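Okay, so the sequence shown: first residue is 325 according to this note's numbering, each after it adds one. All C-beta atoms, glycine included, are put in the ideal place defined by N, C-alpha and C. Please read these numbers as outputs of a predicted model, since none were measured by experiment. Notes follow once the structure below has been shown.
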Amino acid sequence: MIFIIIIYIIQGVIFGFAVDSVITNKGYNDNWFWLGFFFGFFALIVALSKPEVTHVHYSESLLLQKAQKEHILDTGGWKCCFCHSINAFNVTSCSCGMSKDESERRMREKQQAAASSDAFAQSEAETIELIGQYKKLLDSGALTQQEFDAKKQALLSSATHRS
């Protein structure tokens, strides 16, 4: 009888240390020895199924550098559109050779091009939606095939003239 109790205690100690080492290796600071001691194999399965802890380390110098760049932009600085470096407000040309005026002009051109492409995409979407509505009318019998083709051709030709 005492021999069986000693075997259970030895088994509990082995599972206790095994479960505790698995949890420690996964990055947890919890003491799982007693769970391993009392629950043995089941505690080991739970410990093995837990995900590893991921520690996120932030570099203070990177955070400081980012804060400095934001401060420069907030105080009137400018960003070069060519090399994307941040320059103080009193700097007239970037280290890459691009002048402040040229960089600002290129930024305005990029913004205008983006706005015009957004407008084109919106008008194209409206044209597609109108064709879809005409198709529904064709399917319901309100339009004939010739009327649908004529309206579709008119919409598509006006869309190509706008672009």
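Cβ neighbours of residue i in the same chain (closer than 6 Å, five flanking residues each side left out)
i	result
Leu462	Phe472
Met422	Cys404 and Phe406
Gly400	Phe413
Phe363	none
Span of the alpha helix (DSSP H) around residue i
i	result
Lys390	Glu384 to Asp398
Gly336	Ile326 to Asn349
Gly360	Phe357 to Phe363
Closest Cα partner of residue i within the set the options
i	options	result
Met431	Cys405, Cys418 and Phe365	Cys405
Phe361	Ala437, Val337 and His395	Val337
Phe365	Gly340, Lys374 and Tyr352	Gly340
Ile452	Leu467, Glu433 and Ala478	Ala478
Ser447	Leu480, Ile333 and Phe363	Leu480
Cβ shell of residue i (< 8 Å), same chain only, five flanking positions each side left out
i	result
Cys418	Cys404, Phe406, Cys407, Ser409, Asn411, Lys424 and Ser427
Asp344	Asn355, Trp356, Phe357 and Gly360
Leu467	Tyr458, Leu461 and Lys475
Ile333	none
Cα-Cα separation, residue i to residue j
i	j	result
Leu387	Val377	23 Å
Val415	Gln436	25 Å
Ile396	Phe413	8 Å
Ile331	Asn349	27 Å
Val346	Ser385	35 Å
Asp398	Tyr382	24 Å
Lys476	Gln389	56 Å
Ser464	Ala438	39 Å
Gln392	Cys420	20 Å
Ser482	Gln470	18 Å
Gly351	His379	9 Å
Leu368	Gln335	12 Å
Ile328	Val370	26 Å
Ile326	Ala342	24 Å
Ala449	Lys434	22 Å
Trp402	Leu454	44 Å
Chain-order list of residues whose beta-carbon lies under 7 Å from that of residue i (same chain, five-residue window excluded)
i	result
Leu372	Val346
Legend entry - Three or more C-beta pairs below 8 Å linking the region 453-461 and the region 411-427: At 8 Å Cβ cutoff, the stretches do not touch.
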